[in-house]
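Residue numbers (the working numbering): 14 to 168.
Backbone N, C-alpha and C define an ideal beta-carbon position, used for all residues, glycine too.
Take a look at the structure set out below.
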C-alpha cells in the first residue's frame with residue numbers, strides 16, 4: 014500500500030504514531046491511496062509565527078505545530094484527538110491554550126485544521142472519511158487553479 018508506506022516512512026517520525034494515528038493511516042491508505050498525506054511536518058504559518066515572536070523579543074516557542082496528517086496542496090491538517098474522555102495534555106488549561114494558538118496560527122495562514130476523534134475515525138468513518146476526502150480534493154483543486162491563474166500573469 015503506497016500511501017501507508019509513504020506515510021510511515023515520513024522523515025523523522027517512523028514508528029512514532031499513536032494507535033489511533035496508526036488506525037487512521039491504515040484506513041485512509043485503504044480508502045484513498047490517491048490522497049496520501051504527509052506526516053510529521055511543521056506547517057509554514059507556524060514557522061512564520063515563531064520567527065515573528067522571536068523578532069518581537071517574546072518567549073521562544075518550545076514546540077512547533079507538527080500536524081498528525083498533512084496535505085500541503087490543499088493546506089489541510091488532520092489532528093487525531095486521542096484521550097477525548099480523560100484529563101490529559103490537550104484538556105488542561107495549558108493544553109487548550111496551546112491548541113488554540115496552533116489552530117489560530119494555521120487559520121491565519123490559510124490552513125484548515127480538522128480534528129478527528131476516535132469515534133469519528135471508527136464507527137463514523139463511513140460518514141466523515143468521504144467528506145474529508147472531498148474537502149481535500151476540492152481545496153487542492155482550488156489552490157491549483159489559483160496557482161495557475163497567478164502563473165499565467167507572470168512575464
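Alpha helix (DSSP H) containing residue i: first to last residue?
{"i": "residue 109", "result": "106-121"}
{"i": "residue 132", "result": "131-134"}
For residue i, which residues of its own chain have a beta-carbon under 7 Å away from its beta-carbon, when the five flanking residues on both sides are left out?
{"i": "residue 44", "result": "142"}
{"i": "residue 128", "result": "92, 94"}
{"i": "residue 121", "result": "58"}
{"i": "residue 138", "result": "40"}
Measuring alpha carbon to alpha carbon, tell me which residue in the options is nearest residue i.
{"i": "residue 113", "options": "78, 130, 95", "result": "78"}
{"i": "residue 59", "options": "105, 116, 50, 86", "result": "116"}
{"i": "residue 31", "options": "152, 126, 147, 92", "result": "92"}
{"i": "residue 40", "options": "135, 111, 85, 64", "result": "135"}
{"i": "residue 53", "options": "153, 133, 85", "result": "85"}
{"i": "residue 126", "options": "56, 65, 34", "result": "56"}
Here's a check: name, in chain order, each residue in its chain whose Cβ is nearer than 6 Å to the Cβ of residue i, leaving out the five neighbours to either side.
{"i": "residue 118", "result": "58, 59, 62"}
Run through DSSP, which three-state label would residue i get?
{"i": "residue 168", "result": "In this prediction, residue 168 has a pLDDT of 44, which is less than 50 and means its spatial position is unreliable; what the coordinates show is noted afterwards. Three-state result, residue 168: coil."}
{"i": "residue 84", "result": "strand"}
Grab the span of the beta strand (DSSP E) containing residue i for me, first residue to last.
{"i": "residue 92", "result": "89-94"}
If I measure Cβ to Cβ from residue i and keep anything under 8 Å in the same chain, skipping five residues before and after, which residues do I get?
{"i": "residue 149", "result": "48, 84, 87, 89"}
{"i": "residue 37", "result": "81, 82, 91, 93, 129, 134"}
**Asked** Enumerated in chain order, which unbroken segments of the alpha helix (DSSP H) with a length of 4 residues or greater are wholly contained in the segment 30-77?
**Response** 32-44, 57-68
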